[in-house]
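Everything below concerns the one structure shown next.
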Amino acid sequence: MLNFLTYLVNGISLGSIYAIIALGYTMVYGIAKMLNFAHGDVIMIGSYLIYTFMVTGGVNPLLSVLLAMVCCTVLGIVTEKVAYKPLRGASSSLAVLITAIGVSYLLQNLALLIFTANPKSFSPVITWEGISLFDGELRIQGVTIVTIITSLIVLVCLQLFINRTRQGQAMIAVSEDKGAAALMGINVNNTISLTFAIGSGLAAVAGALLCSAYPNLTPYTGAMPGIKAFVAAVLGGIGSIPGAMIGGLTLGVIESLSKRYISTQLADAIVFSILIIVLLVRPTGLLGKKIQEKV
Amino acid sequence: MAALLSVNHLSISFGGLRAVDDFNVEIEKGALYGLIGPNGAGKTTVFNLLTGVYKPDEGRIFLGDRNITGLSTVEINQAGIARTFQNIRLFKDMSVLDNVKVGLHNRYPYSTLAGILKLPVYFKTEKEMDEKALELLKVFELDGESETLSKNLPYGKQRKLEIARALATDPKLLLLDEPAAGMNPNETGELMDTIRFVRDHFDMTILLIEHDMKLVAGICEALTVLNFGSVLCQGQTSEVLKNPEVIKAYLGD
Amino acid sequence: MMKMTKQTRRDLITYGIVIVFYIVMQLLDLAGILSFHVKGLLVPLCYYAIAAVALNLVVGILGDLSLGHAGFMCIGAFSSSLFSVTLKDSGFPAGLRFFLALLIGTFFAALFGFLIGIPVLRLNGDYLAIVTLAFGEIIKNILAAVYFGYDEEGLHIAFKSFPLQGEGKMLINGAMGIQGTPTDSTFTIAVVILLLALFIVQNIVRSRTGRAIMSIRDNRIAAEAVGIQITKYKMTAFTISAAIAGTAGVLFSHNTTTLTATSTYFGYNVSILILVYVVLGGIGNIRGSVIATAILYILPEMLRGLSNYRMLIYAIVLIIIMLINWAPAAITFREKYGISAYLARRKENRTPVSDMGSGKGGS
Chain A
1466 MLNFLTYLVN GISLGSIYAI IALGYTMVYG IAKMLNFAHG DVIMIGSYLI YTFMVTGGVN
1526 PLLSVLLAMV CCTVLGIVTE KVAYKPLRGA SSSLAVLITA IGVSYLLQNL ALLIFTANPK
1586 SFSPVITWEG ISLFDGELRI QGVTIVTIIT SLIVLVCLQL FINRTRQGQA MIAVSEDKGA
1646 AALMGINVNN TISLTFAIGS GLAAVAGALL CSAYPNLTPY TGAMPGIKAF VAAVLGGIGS
1706 IPGAMIGGLT LGVIESLSKR YISTQLADAI VFSILIIVLL VRPTGLLGKK IQEKV
Chain B
1127 MAALLSVNHL SISFGGLRAV DDFNVEIEKG ALYGLIGPNG AGKTTVFNLL TGVYKPDEGR
1187 IFLGDRNITG LSTVEINQAG IARTFQNIRL FKDMSVLDNV KVGLHNRYPY STLAGILKLP
1247 VYFKTEKEMD EKALELLKVF ELDGESETLS KNLPYGKQRK LEIARALATD PKLLLLDEPA
1307 AGMNPNETGE LMDTIRFVRD HFDMTILLIE HDMKLVAGIC EALTVLNFGS VLCQGQTSEV
1367 LKNPEVIKAY LGD
Chain C
247 MMKMTKQTRR DLITYGIVIV FYIVMQLLDL AGILSFHVKG LLVPLCYYAI AAVALNLVVG
307 ILGDLSLGHA GFMCIGAFSS SLFSVTLKDS GFPAGLRFFL ALLIGTFFAA LFGFLIGIPV
367 LRLNGDYLAI VTLAFGEIIK NILAAVYFGY DEEGLHIAFK SFPLQGEGKM LINGAMGIQG
427 TPTDSTFTIA VVILLLALFI VQNIVRSRTG RAIMSIRDNR IAAEAVGIQI TKYKMTAFTI
487 SAAIAGTAGV LFSHNTTTLT ATSTYFGYNV SILILVYVVL GGIGNIRGSV IATAILYILP
547 EMLRGLSNYR MLIYAIVLII IMLINWAPAA ITFREKYGIS AYLARRKENR TPVSDMGSGK
607 GGS
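If you read the protein sequences in the order shown, they are chains A, B and C. Numbering of the first sequence is given in the working numbering, commencing with residue 1466 and proceeding in unit increments. Numbering of the second sequence is given in the working numbering, commencing with residue 1127 and proceeding in unit increments. Numbering of the third sequence is given in the working numbering, commencing with residue 247 and proceeding in unit increments.
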């Protein structure tokens, strides 16, 4: 039973990381309607930055994360301006998808050049040992607790930002209808930049948490969590912030429990099966809106 | 004699809004019938119900003697109803000729395998399709542009191509959704001739939605006026257009 | 006979390009110019080109985004290898064995394409993309985890290793995959299959079935309104595409003795790689898929001297090509100042065009 609890808590923690990435994914998708295959690689870049600041620069962990967030935010804005914005209004949505894949290759190979393929062992950002329950039978690591709390804070902040601020409202407007939003005097370009900025900043946070929990950093570290987070976003209903949270947590818990009780190799297959089953029952995800084409 | 199309008590609601309410109509074979009404009256919804895009909550639709209520769009097309769309829906990256040949699809069958292997039946059927398609395009004076991508046609010709494509399915009843939308008076005049020609040449029954009163008055023999989803008035064109309620619905209070 | 249409000529040129490429490579080989390394690239080049042609049928002709075609390659590879490994030492003639292996791999990929297509093709756009990606990953994961073998007690299948009783053989050994597939794939066979794939896909596009598939791509609602059965034709396109991808998988598995279901060979990134070929070759342009595959597959290999920089250059080139080809601003620029615009202007000056009345409206 305690064993189960341990894996459950680990799953929630992993799910919280997926959720943070998925939040960025879902916001970017909602507003730019693009599958951003480079999103996972921003996480990887963020992690390398934190690694560089902490290990090479000797900067304090928290400050390193903040610095990495700033860098990733800039990276997000720049890639959007250079690689994605020119393709807005292209005749096929595949164009921006392939460009995002190009950006993904670019970031991976940049990291490969600078940091080589040798895994970097990440010294933990969080040094807190964690807590013991039931006379030490159930140990919850500090990383796990910090991860869960961080994701809750991020969720609440994002919800407040989107529902209570003008910029947040502008984001909703732009994601519903760019043309109408522009007519209402919303600066569409700035709003999209802001979305990419937030998504990329969150990716840096996710990178810090991911590498604290799984301290093995390579240029391909971000790819699979990126895909999983995207699956989480779709599972929850793409464009929906609570959906991303629920999707992320569901995925994390299922993955963790599958690894423990079914099979390590099949855990990913199970996660992807869940996505398929959910989409077959609810084609737009758990909290997604139903869209019907008008005739 | 039974009417070609008879619709009884047709109704549909979208979340509380009764978009079409107790709609009835009888259209004789060979008629040129108009469905008019202010914006949002439910005209296109009637078309969508007739073609199976929406399933009616109540009511029945007969094409000749056949009850076609609840059939799928594809089945209804095969039963003999073809349509055009208010916002043109062509196969835009296909040639003008291929657009019509898609319309001929079910009338000139051969298997996928015959197509892959280019069996004799492929060449024979394709040749027949080409001839038939060009014959149809000629009616609309589009035969000179058969190789053009349909998205590159001028607007008026796109409307005509849509009609040609619909006719290619060999319908008994042709539904035209605002055929004159976006046309200038010259083009509209030409379109009126075309519609009359289609009726006479193909022995077609036509039901059309239109806002252009000149066109409606010029070619429709009978009208139904819809307002807020229900029938406001029905009858001979000249009488309907004199009806004070119709004038009120159009001009507002 | 019928006179040759423009389309038929186009198709023949495509076959011609492949054949000329084949002959040139053979001549270079005879002359001893081809290095061992380059020769080793020829079969992979063919199976990626075949996969790209297959994917273009779904992405370009049907208009649905599939990110799971590596999964179908994986099915083709594993089912055919299983067959070939079993028959390898039985004295069965090698030529016939490989022919049957090709059929088996193609059949199983088609079967899975059909089964997966039933649920998947109900979804739209990016949802379809992510679900096909999911299916591809599931196939890969299962084949990387499964143990399959026979012994005196019969066939066994499990998700963990098991001991064999007496005489027997482990056919799929978990993550170690299938060992000892005969390397039957040759450049000649690969080119023949590429030509066959081109023949099938191009002929479909020119047929009634192809028109039905393209009509769904261009406007599903209008296609339905003229009586096109959407599900039937979506399934047809998807199944045929999966089948051809499966054939590519057979070439893959019979080009290597060790077949493992790893991300490098069958992960979603492989599906994406093939998608890049398709998009750069031109969405819906079958010949383009082959040419783009050749260039993009060979290019990084040519840049080998640049070692680590080559993939970086590849990435940058990819982004720049996409921006130049697709950005509305770049297209407008080309239409105004490009070579073809210049030529068109010159032509126009000679023969004035009267009909300028184009433009889309709507209500």
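Ideal Cβ placement from N, Cα and C applies to all residues, glycine included.
Say whether chain C places a C-beta atom closer than 9 Å to the C-beta of residue i.
i               : result
residue 1661(A) : no
residue 1616(A) : no
residue 1215(B) : yes
residue 1235(B) : yes
residue 1266(B) : no
residue 1229(B) : yes
residue 1633(A) : no
residue 1671(A) : no
residue 1375(B) : no
residue 1438(A) : Nothing in the structure corresponds to residue 1438(A), since chain A is present only between 1466 and 1760.
residue 1224(B) : yes
Closest Cβ-Cβ distance between residue i and chain A: below 9 Å?
i              : result
residue 522(C) : yes
residue 406(C) : yes
residue 413(C) : no
residue 383(C) : yes
residue 270(C) : no
residue 543(C) : no
residue 481(C) : no
residue 293(C) : no
To the nearest whole angstrom, what separates the beta carbons of residue i and residue j, a pair I think is in contact under 8 Å?
i               : j               : result
residue 1713(A) : residue 1476(A) : Rounded, the Cβ-Cβ distance is 11 Å, inconsistent with contact.
residue 1669(A) : residue 1534(A) : 4 Å
residue 1342(B) : residue 1372(B) : Going by Cβ atoms, the distance from residue 1342(B) to residue 1372(B) rounds to 11 Å, so no, they are not a contact pair.
residue 1230(B) : residue 1272(B) : Incorrect: roughly 13 Å between the Cβ atoms, too far for contact.
residue 1711(A) : residue 1751(A) : 6 Å
residue 1661(A) : residue 1542(A) : 6 Å
Output yes if chain B places a C-beta closer than 9 Å to the C-beta of residue i; else output no.
i              : result
residue 469(C) : yes
residue 515(C) : no
residue 463(C) : yes
residue 332(C) : no
residue 452(C) : yes
residue 350(C) : no
residue 449(C) : yes
residue 530(C) : yes
With respect to 8 Å, is the separation between the Cβ of residue i and the closest non-hydrogen atom of the ligand GDP below this value?
i              : result
residue 460(C) : Here there are no bound small molecules, and the ligand GDP is not part of this structure.
What does residue i pair with, by DSSP beta-bridge criteria?
i               : result
residue 1347(B) : DSSP, once it has assigned bridges, lists no residue as partnering residue 1347(B).
residue 1093(B) : Look at the range of chain B in this structure, 1127 to 1379, and you will see that residue 1093(B) is not part of it.
residue 425(C)  : 504(C)
residue 1134(B) : 1186(B)
residue 1139(B) : 1144(B)
Check the Cβ-Cβ distances between residue i and every residue of chain F, and say whether any is below 9 Å.
i              : result
residue 263(C) : Protein chains A, B and C are contained in the structure displayed, whereas chain F is not.
Please list the residues of the segment 1678-1712 of chain A that have a C-beta atom closer than 8 Å to any C-beta atom in chain C, keeping them in chain order. Sequence-ordered contacts of the segment 1678-1712 of chain A with chain C read 1688, 1692, 1695, 1696, 1699 and 1703 [C-beta pairs closer than 8 Å].
**Asked** Taking a cut of 7 Å between CB atoms, which residues from the segment 1317-1340 of chain B lie near chain C?
**Response** none
_Under 7 Å, CB to CB, which of the residues in the segment 485-507 of chain C have a partner in chain B?_
Those residues of the segment 485-507 of chain C that come within reach of chain B (Cβ to Cβ, closer than 7 Å) do not exist; the list is empty.
What ranges does the alpha helix (DSSP H) occupy inside the segment 1198-1252 of chain B, keeping only unbroken runs of at least 4 residues that lie completely in it? The DSSP assignment places 1199-1205, 1222-1229 and 1238-1243 as complete runs of the alpha helix (DSSP H) inside the segment 1198-1252 of chain B, in order along the chain (cut-off: 4 residues).
Note to self: As an exercise, report each continuous beta strand (DSSP E) stretch of at least 3 residues that is fully enclosed by the segment 503-570 of chain C, in chain order.
What the structure shows: none
- Query: According to a CB-to-CB cut-off of less than 8 Å, which residues of the segment 552-566 of chain C neighbour chain A?
  - Reply: 554, 555, 557, 558, 560, 561, 562, 564 and 565
Start-end ranges of the alpha helix (DSSP H) lying completely within the segment 1523-1610 of chain A, minimum 4 residues = Entirely contained in the segment 1523-1610 of chain A, the alpha helix (DSSP H) runs reaching 4 residues are, in chain order, 1526-1544 and 1559-1580.
* Contact list for the segment 1172-1205 of chain B against chain C, Cβ threshold 7 Å -> 1177, 1199, 1200, 1203 and 1204
Problem set entry | Ranges of the alpha helix (DSSP H) found wholly within the segment 306-387 of chain C, counting only runs of at least 4 | 315-333 and 340-366
Positions along the segment 427-445 of chain C whose CB lies within less than 8 Å of some CB in chain A: Close to chain A, meaning a Cβ-Cβ distance shorter than 8 Å, is no residue of the segment 427-445 of chain C at all.
Output, in sequence order along the chain, the residues in the segment 1550-1577 of chain A whose CB is closer than 7 Å to any CB in chain C. 1551, 1552, 1554, 1555, 1557, 1559, 1560, 1563, 1564, 1566, 1567, 1568, 1570, 1571, 1574, 1575 and 1577
- prompt: Relative to chain C, which residues along the segment 1619-1631 of chain A have a C-beta separation below 8 Å, given in chain order?
  reply: none
Exercise for review: Residues of the segment 1134-1161 of chain B with a CB closer than 7 Å to any CB of chain C: list them in chain order, please.
Suggested key: Cβ contacts with chain C: none found.
Handout entry: Contact residues within the segment 388-405 of chain C, judged by C-beta distance below 8 Å to chain A
Key = 388, 390, 391 and 405
Closer than 8 Å, Cβ to Cβ, to anything on chain C: give me those residues from the segment 1503-1522 of chain A, in chain order. none
| field | chain C contacts made by the segment 1712-1739 of chain A, where a contact means CB separation under 8 Å | value | 1728, 1730, 1731, 1733, 1734, 1737 and 1738
Give the list of continuous alpha helix (DSSP H) stretches no shorter than 4 residues that lie fully inside the segment 1263-1324 of chain B. 1281-1294
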